[in-house]
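A short worksheet on the structure shown next.
Residue numbers (this note's numbering): 14 to 287.
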């Protein structure tokens, strides 16, 4: 029989901070699209917006996943499951940049990049070498036990860390998915190298987590003997750590692999130039 603690279950499912963030982003998206109607001709000739409903649905899915990441998963990750933290991190870095950022109208980016200092700063932040190293280094650093313990013990620090990872992921994915010519993406051949380097960058921390002979995170040790809201989520600390590292490995390789295959099947003699 599964028993729920009323206060814990309500906080896990309905976190005011996550609700406020999701609602604000939904309102902002609606307002942006109201503004975009003033430039109908532009959108009609922009490939990204030939099917606006697809992007509306993608953004809606992104909002749902954002709430899941910052609501239920945030609660589970702060005291109970390392695997929940990994899933939260993967949603914020592997899914939400595509759904929440690259679904926005292009004029959002062109307006920002029309400001000279913004354009210069953005060119630095999305430079392939800088973006790749920064993103992977931040993800690896947050998995160091003392740092992760600090992050998870203070709610606002946890949310701030997730937002920083999200922004670094946007900059990381930009060389592959840039929606505007002002900061153009890499050529298809260079994208393949970019993905290959990134997939190897995370291997050390993933293998260290999986092959460790003891649990790294003391914050989860007491949780292994605590009954969780769903009984099937109960898991020992060492198994939780190994499962989390396996989830991270498989998810990253599935996403990187899918993008690489898509690029490879489109290759031709212009792969290094377009």
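C-beta: ideal position from N, C-alpha, C; glycine also.
Asked: Cβ-based burial, residue 93 [other Cβ within 10 Å; buried from 16]; Found: buried
Asked: Given residue 271 as reference, the closest of 218, 189, 46 once Cα atoms are compared; Found: 189
Asked: Residue 193 - DSSP class collapsed to helix/strand/coil; Found: coil
Asked: Residue 116 beta carbon less than 8 Å from that of residue 68; Found: yes
Asked: Closest by C-alpha distance to residue 180, when choosing among 267, 91, 107; Found: 107
Asked: 7 Å CB neighbourhood of residue 159 in its chain, flanking five on each side removed; Found: none
Asked: Ordered list of alpha helix (DSSP H) runs contained in the stretch 73-122, each at least 4 residues; Found: 85-92, 95-103
Asked: Cβ contact (3+ pairs, closer than 8 Å) linking the stretch 257-274 and the stretch 205-224; Found: yes
Asked: Per-residue DSSP class, three states only, for residue 203; Found: helix
Asked: Best match in 251, 249, 211 for proximity to residue 266 [C-alpha to C-alpha]; Found: 211
Asked: 7 Å Cβ shell around residue 228 - same chain, five flanking residues per side excluded; Found: 234, 250, 251, 254
Asked: Under the three-state DSSP convention, the category residue 20 falls into; Found: Note that residue 20 has pLDDT 48, beneath the 50 cutoff, so the model's placement of it is unreliable and no number is given.
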